[in-house]
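The structure appears below as structure tokens.
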Amino acid sequence: MNSFPLLSCIVLVPWAGALALACLPRLGSAASRVVTLLFSLSTLALGLVVLGSFDRSSASYQFVESHAWIQSLNVHYHLGLDGLSLLLVLLTGLLGPAGLLASWKQAQNPRFFGLLYLVLQGSALGVFLALDFFHWFVFWEMSLVPAYFLIKLWGGRGAAPAAYQFVIYTMAGSAFLLLGFVAIFAATGTLDFPELASLGASGALAANLAAFGGYWPQAVFIGVFLGFAVKAPLFPFHTWLPAAYAEAPTGVSMFLTGVMSKMGVYGFIRVLWPLFPGQLHAVAVPLVWFALGGAVLGAFAAMRQTDLKRMVAYSSINHVSYCLLALFAVSAASGESAPGGAAAAAALSGALLQMFNHGISAGALFFGIGMLEARSGGRRGIGDFGGVRSAAPVFAGLFGIAMFSSLGLPGLNGFVGEFLIFRGVWGLEPWAASIACLGLLATALFLLGFWQKVFHGPRAGAAAARIADASGTELTVLVPFAALMLLFGVLPQLLTGIFNPLITAWNAHTFLP
Amino acid sequence: MNLLPWCIYLSLAGALLSLAAGRRSPAAARWVALLTAAAAWAVTLLAAVQFVPGSSLQTLVDLAWIPMLGARYHLAVDGISMTLLVLTGLAATAGVLFSWNIATRTGEFFAFYLALIAGVYGVFLSADALLFFVFYEIAIVPKYFLIAIWGSTNREYGAMKLALYSFAGSAIVLAGLLWVYAAGGGQSFAFGELTRAAATLPPHSQIAVFGLVFFGFATLAGIFPLHTWAPTGHVAAPTGASMLLAGVVMKLGAYGCLRVALPLSPLGFAFWQAPIAWLAVIGIVYAGLVALRQEDLKFVIGYSSVSHMGFVLLGIAAANAGAVSGAVLQMFSHGVIAGLLFAVVGRMLYDRTHTRRLSELRTMPIYRLLPFAAAVFVIAAVASMGLPGFSGFPAELTILIGAWNAAHAWAAVAALGIFIAAAFTLRAVQLGFFGGAREPEAEAPPRGQAGTPHYGPISLPEKTGAVLLVAATVLVGVRPDLLLDWINPALQSPLFQAVLKGGAP
Chain A
0 MNSFPLLSCI
10 VLVPWAGALA
20 LACLPRLGSA
30 ASRVVTLLFS
40 LSTLALGLVV
50 LGSFDRSSAS
60 YQFVESHAWI
70 QSLNVHYHLG
80 LDGLSLLLVL
90 LTGLLGPAGL
100 LASWKQAQNP
110 RFFGLLYLVL
120 QGSALGVFLA
130 LDFFHWFVFW
140 EMSLVPAYFL
150 IKLWGGRGAA
160 PAAYQFVIYT
170 MAGSAFLLLG
180 FVAIFAATGT
190 LDFPELASLG
200 ASGALAANLA
210 AFGGYWPQAV
220 FIGVFLGFAV
230 KAPLFPFHTW
240 LPAAYAEAPT
250 GVSMFLTGVM
260 SKMGVYGFIR
270 VLWPLFPGQL
280 HAVAVPLVWF
290 ALGGAVLGAF
300 AAMRQTDLKR
310 MVAYSSINHV
320 SYCLLALFAV
330 SAASGESAPG
340 GAAAAAALSG
350 ALLQMFNHGI
360 SAGALFFGIG
370 MLEARSGGRR
380 GIGDFGGVRS
390 AAPVFAGLFG
400 IAMFSSLGLP
410 GLNGFVGEFL
420 IFRGVWGLEP
430 WAASIACLGL
440 LATALFLLGF
450 WQKVFHGPRA
460 GAAAARIADA
470 SGTELTVLVP
480 FAALMLLFGV
490 LPQLLTGIFN
500 PLITAWNAHT
510 FLP
Chain B
18 MNLLPWCIYL
28 SLAGALLSLA
38 AGRRSPAAAR
48 WVALLTAAAA
58 WAVTLLAAVQ
68 FVPGSSLQTL
78 VDLAWIPMLG
88 ARYHLAVDGI
98 SMTLLVLTGL
108 AATAGVLFSW
118 NIATRTGEFF
128 AFYLALIAGV
138 YGVFLSADAL
148 LFFVFYEIAI
158 VPKYFLIAIW
168 GSTNREYGAM
178 KLALYSFAGS
188 AIVLAGLLWV
198 YAAGGGQSFA
208 FGELTRAAAT
218 LPPHSQIAVF
228 GLVFFGFATL
238 AGIFPLHTWA
248 PTGHVAAPTG
258 ASMLLAGVVM
268 KLGAYGCLRV
278 ALPLSPLGFA
288 FWQAPIAWLA
298 VIGIVYAGLV
308 ALRQEDLKFV
318 IGYSSVSHMG
328 FVLLGIAAAN
338 AGAVSGAVLQ
348 MFSHGVIAGL
358 LFAVVGRMLY
368 DRTHTRRLSE
378 LRTMPIYRLL
388 PFAAAVFVIA
398 AVASMGLPGF
408 SGFPAELTIL
418 IGAWNAAHAW
428 AAVAALGIFI
438 AAAFTLRAVQ
448 LGFFGGAREP
458 EAEAPPRGQA
468 GTPHYGPISL
478 PEKTGAVLLV
488 AATVLVGVRP
498 DLLLDWINPA
508 LQSPLFQAVL
518 KGGAP
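Protein chains in written order, with the numbering used here: chain A, 0 to 512; chain B, 18 to 522.
If you want it as structure tokens, here you go:
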């Protein structure tokens with residue numbers, strides 16, 4: 000407790016970087032980029048430090064910092080980290096700098112871009128580490144501001160409406176979320192996540208809310224649910240996503256899909272499920288259908304896209320839906336006498352792995368499309384390219400790894416997560432697993448179709464003339480990402496080792512209504 | 018502590034001095050105004066440092082004033098007034114800084130301005146209803162002249178409308194107070210005595226009296242549907258006066274509701290509670306929707322003030338300790354944020370571009386032409402949306418929790434208001450400050466045609482004022498305890514406890 004406030008550093012160093020950039024208005028473009036990158040890399044460095052002294056056998060929060068903050072609201076400055084948070088901190092540490100490198104050449108006011116980007120990164124980290132609703136909500140809402148301006152000011156032609164829609168949708172979700180927590184505070188007098196989780200596990204939270212009237216536990220559950228459903232997003236609350244991801248500049252698209260979509264999933268796992276196990280269980284089967292809708296329709300929608308960024312955006316909906324599918328399936332099966340132990344553990348491990356893996360592979364896909372866009376003067380239609388492989392073989396090879404990881408090829412990281420999810424869901428809700436297979440099929444179809452049109456065949460479109468292969472800067476992102484995909488594909492225990500005790504703990508005693 | 022009444026006297030003296038100094042040079046009047054406003058603020062801050070929160074009003078001065086009426090010159094302070102005194106000092110000082118460019122009749126401008134401030138300080142310090150009322154009237158008169166002489170759009174209309182609403186409201190208040198005063202045998206205007214006198218009235222009279230006093234004050238707080246003076250008045254006023262109007266003067270009404278009306282008659286309040294809360298909630302949503310459709314940026318902010326003041330009224334109407342402390346916090350928060358918004362739009366933007374129309378602003382990339390103004394507006398907008406980390410969030414959260422404890426539906430509809438606030442604020446940011454970025458590139462107009470207009474840089478007084486206000490909203494956003502520790506004990510006084518029930522702390 001009284002040791003070095005490592006987690007505060009993780010959260011605040013990016014913000015300190017933003018402050019430094021704000022205070023140096025005369026900083027040149029190159030210097031701004033370097034400063035931003037250094038501050039962004041701090042997350043990875045500190046994350047690895049934490050990883051080094053992280054107790055892998057414990058499921059409880061570590062490196063906890065807790066200080067009284069606002070007495071009249073019983074609010075604490077409360078940070079803590081468990082396997083799930085650590086995984087996401089590491090993911091943010093990887094994607095933060097990678098996103099910056101993707102927008103490295105972006106010429107329009109790099110200082111301000113870096114400033115906003117660092118605010119966004121710090122906010123995301125705060126969401127993954129804060130354990131008091133008030134403290135957490137600061138980061139949750141604050142992330143919208145930089146994201147809005149990054150999309151609006153550096154985005155494509157339709158960026159203004161996309162950014163507005165993105166913020167308004169998310170704010171609407173947040174208003175319900177806030178109202179839900181107003182009721183929770185009124186019922187329990189605390190906003191602390193671990194405390195509320197233990198109240199949720201014992202059923203006391205629902206009982207207290209029921210004191211307001213019989214339907215209030217459900218109403219509050221729906222409020223909190225909406226907040227996360229918009230953010231993740233869960234089908235059918237996803238309609239803001241394709242435009243926002245497609246219009247954002249490449250680096251920001253990477254961060255949005257890699258990290259911000261995980262904020263919603265994280266909210267489901269960290270907040271909604273522990274606080275409302277009974278309510279979630281009651282509606283889990285319809286929610287499984289929602290998740291299936293996202294998985295299947297997202298993949299089919301991706302197939303119909305001609306804009307490559309929109310295609311990856313829809314495929315993100317598909318991939319994130321698998322995580323939620325696993326969670327809802329576990330919840331649907333919980334509390335029944337059927338032995339769900341191994342299957343539930345597999346599904347949950349798969350969901351957590353998928354969060355990490357999708358972050359890396361979708362990030363790499365957006366990065367690659369950004370490269371294509373940069374080489375073709377801003378075009379990114381699927382028909383604008385052909386034969387890229389022969390023109391840029393190194394790029395094609397590395398991009399191929401990301402694509403096959405996204406497709407779920409065995410030996411690459413994407414496979415492990417999806418396999419575990421399917422293995423788990425099959426044991427819990429076989430029908431759901433069968434339907435979700437349609438999503439896998441469609442994903443394979445559209446990714447292979449895309450691969451064939453863009454990378455194979457005769458050179459055409461923008462690639463008809465020579466296009467440059469991956470540059471040094473680009474390789475510094477693509478090579479490590481491809482290496483990680485191979486590494487975690489072969490040795491997934493490197494990741495599962497971090498959160499295994501957590502899965503055991505979740506499976507053993509909690510969240511049964 | 019005993020120095021505190023000097024904030025009134027200093028402001029009054031400053032008013033006379035700047036009038037005199039204005040005859041020599043405008044610059045002298047400005048400096049006199051700045052120094053007195055800052056000195057009065059310093060007095061409040063000094064008192065705040067020494068302030069020991071307690072449940073009772075701490076008397077500063079208590080002299081016989083009009084013995085035959087039993088009226089006393091009684092100034093006293095508790096945590097609620099302390100909060101608002103500090104806000105007044107801050108808003109007044111920032112307002113002077115943003116009025117630095119007033120060139121016509123400068124001395125008179127600042128004389129009216131400081132007289133208004135003196136009245137406001139007086140209201141927040143009064144512990145005698147008649148004295149309260151006198152200061153309240155002192156604050157109304159200068160408003161009229163500030164708007165009618167130095168205002169812009171439709172200034173005569175705006176000034177007259179504002180003055181009529183204010184006077185009508187205060188006449189109703191006076192009638193109510195006199196009724197209670199007479200019922201008590203004409204002995205005293207002390208708040209506690211009035212409550213005792215009101216309790217002797219028959220129930221239907223208590224209900225009527227409470228209605229008179231509360232709605233009289235609530236008019237100035239911008240309660241729906243008596244709010245229409247607020248947007249027109251705010252828009253017509255010169256920047257410094259808009260900042261005071263939205264920042265402080267609307268708080269006078271809310272403060273009157275809280276200090277005078279609420280404890281007056283628990284029975285009357287019980288009757289009116291639900292109607293008041295619903296009007297407040299309707300105001301939040303309705304004003305937000307109207308703001309969403311405005312074309313003049315200043316009208317957007319004017320209506321947003323009505324919407325945010327709805328939260329204050331809702332907090333008061335919810336009548337539990339949590340909600341009321343949130344209401345006071347929201348008064349402070351809105352005072353700072355509205356001041357900041359008006360400062361950016363009225364001074365930084367309008368005085369340079371000479372337009373506030375969103376349809377024109379959206380064709381200009383203001384964020385490149387006036388980056389400082391855009392940055393400050395974004396911060397103020399984010400704070401105004403109620404994002405955590407800024408003062409609006411703890412205030413609205415406490416009010417929502419309190420309102421929830423009183424009636425779930427109030428909190429639910431008010432939360433919708435927060436979402437609407439996000440929508441109209443974001444619209445104002447997007448159209449007002451981040452327009453025109455792309456169109457010129459897309460259409461590629463011939464070079465040199467029209468050319469980018471160049472505006473003068475943001476001056477030092479403007480920057481100072483903006484930094485002060487931004488710092489205040491962030492400070493209170495991060496450490497709301499600083500104010501809540503003053504406010505909460507004050508709500509433990511017997512007068513408040515008689516009406517407040519339940520609720521956290």
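Note that CB positions come from ideal geometry on N, CA and C, so glycine has one too. These figures come from a predicted structure and were not determined experimentally.
Bridge partner(s) assigned by DSSP for residue i
i                            : result
leucine 77 of chain B        : None; leucine 77 of chain B has no bridge partner.
valine 89 of chain B         : A small correction: the amino acid at residue 89 of chain B is arginine; valine does not occupy that position in the sequence shown. According to DSSP, which records beta bridges pairwise, arginine 89 of chain B is partnered with B/Ala81.
glutamine 61 of chain A      : A/Leu80
phenylalanine 403 of chain A : Answer is none; phenylalanine 403 of chain A lacks a bridge partner.
isoleucine 69 of chain A     : A/Val74
glycine 385 of chain A       : A/Ala459
alanine 374 of chain B       : Rather than alanine, the amino acid found at residue 374 of chain B in this sequence is arginine. B/Asp313, per the DSSP bridge assignment.
alanine 207 of chain B       : B/Asp145
Nonlocal neighbours in the same chain, by C-beta distance under 7 Å from residue i, ignoring five residues either side
i                         : result
arginine 310 of chain B   : none
asparagine 515 of chain A : Residue 515 of chain A is absent from the model: chain A starts at 0 and stops at 512.
glycine 533 of chain B    : Residue numbering for chain B in the displayed model covers 18 to 522; residue 533 of chain B lies beyond these limits and cannot be assessed.
alanine 67 of chain A     : His75
Close beta carbons around residue i, own chain, < 6 Å, minus the five adjacent residues each side
i                         : result
valine 113 of chain B     : Ala50, Leu51, Ala54
isoleucine 155 of chain B : Gly136
leucine 36 of chain B     : Gly124, Ala128
alanine 228 of chain A    : Phe236
valine 491 of chain B     : none
Within-7 Å CB hit, residue i to chain A
i                         : result
leucine 330 of chain B    : no
tryptophan 523 of chain B : Outside the shown range of chain B, which is 18 to 522, sits residue 523 of chain B, and nothing can be said about it.
alanine 30 of chain B     : no
tryptophan 295 of chain B : no
asparagine 422 of chain B : yes
glutamine 514 of chain B  : no
glycine 406 of chain B    : yes
valine 436 of chain B     : In the sequence on display, residue 436 of chain B carries phenylalanine and not valine. Answer yes: the Cβ-Cβ gap between phenylalanine 436 of chain B and chain A drops below 7 Å somewhere.
proline 70 of chain B     : no
leucine 443 of chain B    : yes
Interface flag, residue i vs chain B, CB-CB below 7 Å
i                            : result
alanine 182 of chain A       : yes
phenylalanine 275 of chain A : no
isoleucine 221 of chain A    : no
leucine 122 of chain A       : Checking the sequence shown, residue 122 of chain A turns out to be serine, not leucine. No, serine 122 of chain A does not count as interfacial toward chain B.
phenylalanine 227 of chain A : no
phenylalanine 112 of chain A : no
alanine 185 of chain A       : yes
serine 201 of chain A        : no
serine 65 of chain A         : no
Environment of residue i [buried if 16+ CB atoms lie within 10 Å]
i                       : result
tyrosine 147 of chain A : buried
proline 292 of chain B  : exposed
leucine 375 of chain B  : buried
arginine 464 of chain B : Low confidence applies here, because arginine 464 of chain B scores a pLDDT of 42, under 50, leaving its location unreliable; read the following figure in that light. Arginine 464 of chain B comes out exposed.
lysine 261 of chain A   : buried
Chain-order list of residues whose beta-carbon lies under 8 Å from that of residue i (same chain, five-residue window excluded)
i                       : result
valine 393 of chain A   : Asp468, Ala469, Leu474
arginine 422 of chain A : Ala342, Ala345, Ala346, Gly349
arginine 156 of chain A : Glu246
Any non-hydrogen atom of the ligand NAP closer than 6 Å to residue i Cβ
i                      : result
alanine 504 of chain A : The ligand NAP is not among the ligands present in this structure, which contains no ligands whatsoever.
Inter-residue CB distance, residue i and residue j (contact presumed, cutoff 8 Å)
i                      : j                      : result
glycine 356 of chain B : leucine 194 of chain B : Going by Cβ atoms, the distance from glycine 356 of chain B to leucine 194 of chain B rounds to 30 Å, so no, they are not a contact pair.
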